[in-house]
Each structure stands twice: as structure tokens, then as C-alpha cells.
Amino acid sequence: MNPFEKTLKQLKSHFDSGLTRPLSWRSNQLEQLQRFLTENEKSLLKALKSDLNKHPSEARLTELQFLQSDIKQTIKALPKWNKARTVSNPLLAWPANSQLVPEPLGTILILGAWNYPLQLLLAPLIAAIAAGNCAVIKPSEHATATADLLARQLPDYLDNSAIKIVTGAVTESQQLTALPFDHIFYTGGEQAAKAIMAAAAENLTPVTLELGGKSPAVVLADAPIQVAARRIVWGKFLNAGQTCIAPDYVLAEDSIKEQLIAAMKQELINFYGKDPQQSDGYGRIIHQNHWQRLTQMLEDEDVVVGGDSDKNECYIAPTIVDGVKNNSALMQEEIFGPILPVLTIKSAADAIEKIHCHPKPLALYVFSNNPRLLDLFTQQVSAGNVCYNDTLMFMLNDEMPFGGVGQSGMGRYHGKWGFDTFSHLKPIMKRSFRFDVALRYPPYSKFKDKILSWFSH
10 MNPFEKTLKQ LKSHFDSGLT RPLSWRSNQL EQLQRFLTEN EKSLLKALKS DLNKHPSEAR
70 LTELQFLQSD IKQTIKALPK WNKARTVSNP LLAWPANSQL VPEPLGTILI LGAWNYPLQL
130 LLAPLIAAIA AGNCAVIKPS EHATATADLL ARQLPDYLDN SAIKIVTGAV TESQQLTALP
190 FDHIFYTGGE QAAKAIMAAA AENLTPVTLE LGGKSPAVVL ADAPIQVAAR RIVWGKFLNA
250 GQTCIAPDYV LAEDSIKEQL IAAMKQELIN FYGKDPQQSD GYGRIIHQNH WQRLTQMLED
310 EDVVVGGDSD KNECYIAPTI VDGVKNNSAL MQEEIFGPIL PVLTIKSAAD AIEKIHCHPK
370 PLALYVFSNN PRLLDLFTQQ VSAGNVCYND TLMFMLNDEM PFGGVGQSGM GRYHGKWGFD
430 TFSHLKPIMK RSFRFDVALR YPPYSKFKDK ILSWFSH
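Be aware that the sequence shown starts at 10, since it is given in the working numbering, and climbs by one per residue.
Here it is, written out as C-alpha cells:
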């Protein structure tokens, strides 16, 4: 017997009681989540430091403040999002009133990721609560300090009859995904996503998959090199490169490639000093298996910056690699670490051709002052998210959805898009008893066909 069947049954019963539907309950739970983040800030920062060596400033920006802003915006906009959305009616159905009425899906399973163990677990929960759902949330077992803190403290703030937290590893994830939840939300890697999707298919459970991929950063010759270098280095080496939307590789026009590498090297010194291992602002690899995978990727490569590592500390220096071949391990899969290959391109068209050699990326970054060239990328490159002349910054805009396309994921969230992901927009048409036109009823005739044809145009 599945040990979580009883939990799901209890959540479904609570959802069916209607207690999660009032906006007052939803707002209260979001305010409680806000309280949890505020009152436990020091402990959360300590846990994130323990798991990933995140500097408090980085952790605040990318985790706590991100969530606080999301909650604030959600509470403010919730009454508007939850309103019925009126749509027009065809002439033949007149008089009628047609609406799309948001209703919660029911019970949601949220599987978090280890690289941003707070944000990537609680941001989907914010949307699920806002839409009026019950939820089971499972933190990543790899970020143990954060998972333990959440398991201990979060239940003190939330409605435990509607929101459950489950800890564990792969076995627990498999047991949960085997159950008939109304929606599964997963953030992580491609292989686990395939297993989750297969399990969900057994119950016809819809899924949202936030994955990753090889997100390119293209630097064209007209771009301000120093600014481009600074923004690429920040986006790549934040969280020691363990960010799903980090630039995975750089495509630089041949005339400026050496200048760009020199500029990135200088920016790394500006950020982390000459010895990043001693910098309190530079993170660590999550565990030794991932450290081993990354260091093996560097074998036989032309390292031009960094390359140092320390297994005991799970440390890998910010590393830039030149002259990478297409068959290199660095170009065959998402790196997900502090290693940045730089490849040469002849033109924007050449960059687009190289990007097309890989599956659709989660993010696309292009640095150029030429609107025509930027438009070329807009038209010819499919990506989950696009940011021109910077990296990562689109995540700060709660008016834009976040999600992948193709192998980089399916579904989207953030702001209203998260509310809609965890809602069913139920179409409702209410007709009047007046004007019951006989044209649609038998017996049929050529005259009726002609009139109905006119109505349908």
C-alpha cells in the first residue's frame, strides 16, 4: 500500500468541503507564508549558506525577497484574477451571458529543486494557494538544511489540513507521483521529468515541468564588451552556476572573442577576488557526485580562466574554457555548474545555426545594439524566455510568465500565469428562455440552412 494514499484522501476530503475556496482563506495562508519568511529569515539564510554556501545578500535577492514580492503582488491582485472573465456570444446563442470562471483544480503535488531550495518550492505553492487548492510539497533531499527547516517550521504557519510537507528522497517522490493528484508541478532535470511524466500518465494527471537546457549567450561585435562581460559573469556564476537559466555557453563573434574573455576574467576578479575559494560571495557545488561530474567535464579542455577545484569543499573555481569542440561533453548536455565554454561565431546567422544544433533552450541571451539583428533572433530562435543585453533579469518582472518550450519544459507560472496554471477556467453559458428561435430544431429545410449559414458568418 502506498504510504501517502491516506494523506491524499484527507486532502481531497478537505478540498471537497470547500474550505479552501474563499478568498479570505487564500489571503490568510499567503500572509502566513509571508510571516514564515519574515520570522525565520535568519534561520533560512543559515540553511541556504549550509546547503550551497549562498551569501546572505544573494540568498535574499534570489530566494526570500523574490518570494516576498511574489506574495505581496499575489495578495493585491487575487480579487481581480479570481473574477469571472466575460466573453462574447455568437449571434445564434443570443441572448446569453458567457463567462470563464476560475475554479481550483483540487490537490496539487509540488516537487522542489535543490539549487534554489526555497524559491522553487514555495513560488509554485503561492500560486497553488492563490488558486484555492490543497497541496503536498516535497523539498529536495539534496538541500538537507533547508528541507529540514521547512519540515520543522512551516507547518506552524499554514493550514495543515490543506497543505502537507513531505520529506524524503527518490522513493518518496515515486510514491507521491504514483497517486492521482489533480496536477503535478516539478522543477529539476530531464531524466526525472520523464519518470514523473510517465507516472502521471497512469492517472491522466496533468504536469508542469520546469527543466533547463543549454541556454546560449550570444555576443555580437557591436555590443559594449565590458558591460556584456559583467552581466554574463553575474548570470553564469551566481549560485556557482547552478541556475537553470544561467548562460550555458557563449557564442562570440571572432573579432571580439579574445577581448570578451579578457573582460570576463577581469570581472571575475572584481566579483570574487583573485582566489574565489576565499570569497564569501561565491557558492559551492551541492554535493560530491555533482562535483565529480563537473570536474570530469573539464578533462582535456583548454581552460583559460579558473579550473581549480577542491573535492573536500565541493569547490570549483569560476572557469572559462576556449576552443570547445562540438562533441565535447561540455556541449552535449546542460553543464549546470561554474564552467563557461566560449565558442567563435562569424555572424548572427552563424550563431542561430549553432543554437539550432541543440534542443530549444530555457533562456536565450543576445548582446547587441542592432535592432535588426535582435529581431532576427526573435523570429528564428525558439526559447522559453528571451532577454536582450542582460541575463536572468526577466525573472524580476512579475508581469511576465516563466516556463520552458520543447525539452526545456512545459507549462508556465509566476504571477497571474501561476494562478491560471492551478485553475480550471470553467466556461459557463447562461441563456435566456426568451427568443427560442426554431431555426436550429428539426425538421430541417434549405431555407433554414440558408438562414443558419448567414448566422454563422
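Yeah, the Cβ is synthetic: ideal placement off N, Cα and C, and Gly gets one too. Everything numeric in this text was worked out from a predicted model, so none of it was measured.
Does DSSP put Val-390 in a helix, in a strand, or in coil?
As a position in the sequence shown, residue 390 is number 381, starting the count at 1. Note: Val-390 maps to coil in three-state DSSP.
With DSSP as the reference, label Gln-341 as helix, strand or coil.
To locate residue 341, count along the sequence shown from 1; it is residue 332. DSSP places Gln-341 in coil when its eight states are reduced to three.
For Pro-88, list the residues DSSP reports as bridge partners.
In the sequence shown, counting from the first residue as 1, residue 88 sits at position 79. The secondary-structure analysis by DSSP pairs Pro-88 with nothing; it has no beta-bridge partner.
Pull up the DSSP beta-bridge partners for Pro-113, would you.
On the sequence shown, residue 113 is found 104 positions in, with the first residue counted as 1. Here Pro-113 is bridged, per DSSP, to Ser-432.
Taking the DSSP output, what are the residues bridged to Met-438?
In the sequence shown, residue 438 corresponds to position 429, counting from 1. The bridge partners DSSP lists for Met-438 are Ser-107.
Mind checking Lys-435: buried by the 16 CB within 10 Å criterion, or exposed?
Walking along the sequence shown from the start, residue 435 turns up at place 426. Burial state of Lys-435 is exposed, judged by a 10 Å Cβ sphere holding fewer than 16 other Cβ atoms.
Limits of the beta strand (DSSP E) - the one that Tyr-281 falls within
Position 272 of the sequence shown, counted from the first residue, corresponds to residue 281. That residue, Tyr-281, is in no beta strand (DSSP E); its alpha helix (DSSP H) goes 266-281.
Nonlocal neighbours in the same chain, by C-beta distance under 6 Å from Met-419, ignoring five residues either side
If you number the sequence shown from 1, residue 419 lands on position 410. Its chain contains Leu-218 as the residues whose beta carbon lies nearer than 6 Å to that of Met-419, once the 5 sequence neighbours on both sides are disregarded; these appear in chain order.
Label Val-330 either buried or exposed according to how many other C-beta atoms from any shown protein chain fall within 10 Å of its C-beta, with 16 as the threshold for buried.
Along the sequence shown, one-based indexing puts residue 330 at 321. When all chains shown are included, Val-330 counts as buried.
Report the start-end ranges of each beta strand (DSSP E) in the segment 140-185 that is 3 residues or longer and not cut off at the edges.
Entirely contained in the segment 140-185, the beta strand (DSSP E) runs reaching 3 residues are, in chain order, 143-147, 172-174.
In angstroms, rounded to a whole number, what distance separates the CA positions of Thr-258 and Lys-223?
Numbered from its first residue, the sequence shown carries residue 258 at position 249. Numbered from its first residue, the sequence shown carries residue 223 at position 214. Per the sequence presented here, residue 258 reads as Tyr, with Thr not at that position. So the two alpha carbons sit approximately 7 Å from each other.
Short Cβ contact (7 Å threshold) for Thr-95 with Gln-108
Walking along the sequence shown from the start, residue 95 turns up at place 86. Walking along the sequence shown from the start, residue 108 turns up at place 99. Going by C-beta atoms, Thr-95 is nearer than 7 Å to Gln-108.
Could you check the C-alpha separation between Val-312 and Arg-30 for me, to the nearest Å?
If you number the sequence shown from 1, residue 312 lands on position 303. If you number the sequence shown from 1, residue 30 lands on position 21. Taking the straight line from one Cα to the other gives about 56 Å.
Kindly list the residues whose CB is nearer than 8 Å to the CB of Ala-238, restricted to its own chain and excluding five residues on each side of it in sequence; keep chain order.
Translated into positions along the sequence shown, residue 238 becomes position 229. So the qualifying residues of the chain are Leu-269, Ala-272, Met-273, Gln-275, Glu-276.
Of the choices Glu-267, Ala-209, Thr-71, Ser-417, whose alpha-carbon is the least far from that of Leu-131?
In the sequence shown, residue 131 corresponds to position 122, counting from 1. Closest by alpha carbon: Thr-71.
Just to check my reading of the structure: Ser-417 and Pro-368 have Cβ atoms closer than 8 Å, yes? What is that Cβ distance to the nearest angstrom?
Taking the first residue of the sequence shown as 1, we reach residue 417 at position 408. Taking the first residue of the sequence shown as 1, we reach residue 368 at position 359. Taking a contact as a CB-CB distance under 8 Å, the pair Ser-417 and Pro-368 counts as one, their CB atoms being some 7 Å apart.
Tell me the rounded alpha-carbon separation between Ser-52 and Gln-183.
The count along the sequence shown starts at 1 and reaches residue 52 at position 43. The count along the sequence shown starts at 1 and reaches residue 183 at position 174. So the alpha carbons of these two residues sit roughly 30 Å apart.
How close, in whole Å, do the beta carbons of Tyr-195 and Ala-202 come, if the pair is a contact with beta carbons under 8 Å?
Locating residue 195 in the sequence shown gives position 186, where the first residue counts as 1. Locating residue 202 in the sequence shown gives position 193, where the first residue counts as 1. Sure, about 6 Å apart at Cβ, within 8 Å.
Exposed unless 16 or more other CB atoms sit within 10 angstroms - verdict on Met-306:
By 1-based counting over the sequence shown, the position of residue 306 is 297. The residue in question, Met-306, is buried, as its Cβ has 16 or more Cβ neighbours within 10 Å.
Contact check, Val-227 vs Leu-185, beta carbons under 7 Å:
In the sequence shown, the residue the question calls residue 227 occupies position 218. In the sequence shown, the residue the question calls residue 185 occupies position 176. No; because the gap between Cβ atoms is not below 7 Å, this pair is not in contact.
Top-ranked residue by Cα proximity to Val-333, from His-23, Glu-48, Leu-352, Lys-89
The sequence position of residue 333 within the sequence shown is 324, counting from 1. Checked all of His-23, Glu-48, Leu-352, Lys-89; the closest Cα to Val-333 is Leu-352.
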